[in-house]
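Chemist: In this note's numbering, the protein residues as written are 211 to 453.
Using N, Cα and C, we set each Cβ at its ideal position, and we do this for glycine too.
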Ligand SMILES: Nc1ncnc2c1ncn2[C@@H]1O[C@H](COP(=O)(O)OP(=O)(O)OP(=O)(O)O)[C@@H](O)[C@H]1O
Ligand SMILES: [Mg+2]
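Laid out in structure tokens, this is it:
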């Protein structure tokens with residue numbers, strides 16, 4: 211079952227001399243439970259792609275479907291609610307609420323949706339993340355790796371179908387990077403969540419199911435570089451560009 215479908219996506223910033231074609235006719239899809247890495251040089255369009263898929267940015271043209279719902283034909287308010295319930299975000303800079311504890315940060319998306327957190331689910335997430343004995347700490351009392359684990363917990367709590375991670379290990383050392391990756395792999399396996407993760411770390415990219423490479427706004431399938439991880443249930447690439 212396809213969770214994400216991206217069809218002929220284009221994003222152009224600015225006009226005239228300052229115009230940038232950040233995404234050029236990008237098409238691909240991801241199956242439920244796939245863990246896909248997005249790689250590419252700085253400025254190639256990776257974050258633009260993720261931000262459009264997460265409805266944090268508006269495409270110039272093209273279509274994005276998440277679990278069959280056309281993201282940009284939803285009304286703005288519906289889109290905000292849809293995003294909150296179906297998409298989890300993890301950013302390089304963690305983006306935790308400084309005044310809230312670990313536990314409060316994790317349940318924050320539920321509170322925004324007026325939902326009561328299930329204590330058993332909160333416990334399970336704290337345990338998976340190894341944060342049981344940090345639950346009442348504030349973000350500035352945690353290491354970088356611990357803060358990123360809180361951000362992962364916040365992305366997992368609503369059990370979103372799709373997790374978008376923009377360089378989640380960009381501020382972490384190699385040991386913490388591997389831990390974060392292991393947690394994401396666990397999530398995609400245990401909860402059948404689909405993950406799209408931008409990374410500059412080739413070793414991390416190599417341990418995902420599928421690698422998509424962005425170069426100058428175009429998307430290329432690098433599955434040949436990941437033959438060992440081709441599980442058959444990973445991403446399906448439709449619009450392969452070879453030149
Ligand atoms: N708000 C904006 N206005 C104008 N141009 C933008 C805007 N956001 C991004 N761009 C341009 O779009 C292109 C793609 O940017 P993007 O942030 O997607 O790159 P990236 O691949 O994520 O790079 P990095 O690895 O450095 O994070 C770049 O040339 C950038 O200058
Ligand atoms: Mg970026």
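Using the C-alpha atoms, what's the distance from residue 377 back to residue 241?
Modeler: As a working mapping, residue 241 is identified with position 31 in the chain shown. As a working mapping, residue 377 is identified with position 167 in the chain shown. Each residue's alpha carbon lies about 21 Å from the other.
Chemist: Please report the distance separating the alpha-carbon of residue 354 from that of residue 335.
Modeler: Position 144 of the chain shown, counted from the start, is the residue given in the question as residue 354. Position 125 of the chain shown, counted from the start, is the residue given in the question as residue 335. Rounded to whole angstroms, residue 354 to residue 335 spans 18 Å at the Cα level.
Chemist: In the DSSP output, what is residue 236 paired with across the bridge?
Modeler: What you label residue 236 is simply residue 26 of the chain shown in a count that begins at 1. Residue 236 is bridged to 219.
Chemist: Confirm the yes/no value for this check: CB of residue 277, any heavy atom of ligand 2, distance under 7 Å.
Modeler: Position 67 of the chain shown, counted from the first residue, corresponds to residue 277. Not under cutoff, so the answer is no.
Chemist: Taking 5 Å as the limit, tell me which residues put their C-beta closer than that to any heavy atom of ligand 1, in chain order.
Modeler: Cβ-based neighbours of ligand 1 within the cut-off: 223, 230, 232, 252, 253, 254, 255, 256, 257 and 258.
Chemist: Would you say residue 426 touches ligand 2, meaning its beta carbon is less than 7 Å from a heavy atom?
Modeler: Working through the chain shown from its first residue, we reach residue 426 at position 216. False, no ligand heavy atom lies under 7 Å from that Cβ.
Chemist: Would you kindly check if the distance between the Cβ of residue 408 and the Cβ of residue 375 is under 8 Å?
Modeler: Here residue 375 refers to the residue found at position 165 when the chain shown is read from its first residue. Here residue 408 refers to the residue found at position 198 when the chain shown is read from its first residue. The answer is yes: Cβ separation under 8 Å.
Chemist: Name the one or two DSSP bridge partners that residue 375 has.
Modeler: Translated into the one-based positions of the chain shown, residue 375 becomes position 165. Per DSSP, 300 and 407.
Chemist: Relative to the C-alpha of residue 304, which candidate in 251, 379 and 288 has its C-alpha closest?
Modeler: Sequence index remark: in the chain shown, residue 304 carries index 94 (1-based). Closest option to residue 304, Cα to Cα, is 379.
Chemist: Might you give, ordered along the chain, the residues of its own chain that have their beta carbon closer than 7 Å to the beta carbon of residue 258, omitting 5 neighbours on each side?
Modeler: Counted from its first residue, the chain shown places residue 258 at position 48. For residue 258, where only same-chain residues beyond five positions count, the Cβ hits under 7 Å are 221, 232, 233 and 267.
Chemist: Could you name each continuous beta strand (DSSP E) segment of 3 residues or more that falls completely within the segment 282 to 369, going from the start of the chain to the end?
Modeler: Qualifying beta strand (DSSP E) stretches, in chain order: 297 to 301.
Chemist: From residue 321 to residue 415, what distance separates their C-alpha atoms?
Modeler: Here residue 321 refers to the residue found at position 111 of the chain shown. Here residue 415 refers to the residue found at position 205 of the chain shown. Rounded to the nearest angstrom, the two C-alpha atoms are 33 Å apart.
Chemist: Taking 7 Å as the cut-off, does the CB of residue 328 come closer than this to any heavy atom belonging to ligand 2?
Modeler: Here residue 328 refers to the residue found at position 118 of the chain shown. It does not: the Cβ of residue 328 is nowhere closer than 7 Å to a heavy atom of ligand 2.
Chemist: Is residue 267 near ligand 2, going by C-beta to nearest heavy atom under 7 Å?
Modeler: Taking the chain shown and counting its residues from 1, the one referred to as residue 267 is at position 57. Because no heavy atom of ligand 2 lies under 7 Å away, the Cβ of residue 267 does not count as near it: no.
Chemist: Report whether the distance from the Cβ of residue 392 to the nearest heavy atom of ligand 2 is below 7 Å.
Modeler: For the purposes of this step, residue 392 is taken as residue 182 along the chain shown, with counting starting at 1. No, the beta carbon of residue 392 sits no closer than 7 Å to any heavy atom of ligand 2.
Chemist: In whole angstroms, what is the alpha-carbon distance linking residue 271 and residue 390?
Modeler: Reading the chain shown from its first residue, position 61 is the one you call residue 271. Reading the chain shown from its first residue, position 180 is the one you call residue 390. Roughly 34 Å between the two C-alpha positions.
Chemist: Whose C-alpha, out of 214, 236, 298 and 249, is nearest the C-alpha of residue 410?
Modeler: What you label residue 410 is simply residue 200 of the chain shown in a count that begins at 1. Per the Cα distances, 249.
Chemist: Please report the straight-line C-alpha distance between residue 330 and residue 367, rounded to a whole angstrom.
Modeler: On the chain shown, position 120 is the one that residue 330 refers to. On the chain shown, position 157 is the one that residue 367 refers to. Each residue's alpha carbon lies about 11 Å from the other.
Chemist: Is DSSP giving residue 414 helix, strand or coil here?
Modeler: As a first step, residue 414 is located in the chain shown; it is residue number 204 there, counting from the start. Correct three-state label for residue 414: helix.
Chemist: Classify residue 264 as helix, strand or coil using the three-state DSSP reduction.
Modeler: As a first step, residue 264 must be located in the chain shown, where it is residue number 54. In the structure shown, residue 264 sits in coil (DSSP, three-state: anything other than H, G, I, E or B).
Chemist: Who are the Cβ neighbours of residue 344 in its own chain at under 7 Å, not counting the five residues just before and after it?
Modeler: Locating residue 344 in the chain shown gives position 134, counting from the first residue. Cβ within range, chain order: 312, 352 and 356.
Chemist: Given this structure, state the Cα-to-Cα distance separating residue 359 from residue 260, to the nearest angstrom.
Modeler: Walking along the chain shown from the start, residue 359 turns up at place 149. Walking along the chain shown from the start, residue 260 turns up at place 50. Answer to the nearest angstrom: the Cα atoms are 20 Å apart.
Chemist: What's the call for residue 452, buried or exposed, on a 16-neighbour Cβ count within 10 Å?
Modeler: For this step, residue 452 is matched to residue 242 along the chain shown. Per-residue confidence for residue 452 stands at a pLDDT of 29, beneath the threshold of 50, marking its modelled position as unreliable; the derived number appears in the next sentence. Residue 452 should be labelled exposed.
Chemist: Helix, strand or coil, according to DSSP, for residue 272 in the structure here?
Modeler: Here residue 272 refers to the residue found at position 62 when the chain shown is read from its first residue. Reduced to three states, the DSSP call for residue 272 is strand.
Chemist: Using beta-carbon positions only, say whether residue 361 and residue 300 come within less than 8 Å of one another.
Modeler: For the purposes of this step, residue 361 is identified with residue 151 of the chain shown, where counting begins at 1. For the purposes of this step, residue 300 is identified with residue 90 of the chain shown, where counting begins at 1. In contact: residue 361 and residue 300 (Cβ atoms closer than 8 Å).
Chemist: Hey, would you say residue 370 sits closer than 8 Å to residue 402, going by beta carbons?
Modeler: Taking the first residue of the chain shown as position 1, residue 370 is located at position 160. Taking the first residue of the chain shown as position 1, residue 402 is located at position 192. No; because the gap between Cβ atoms is not below 8 Å, this pair is not in contact.
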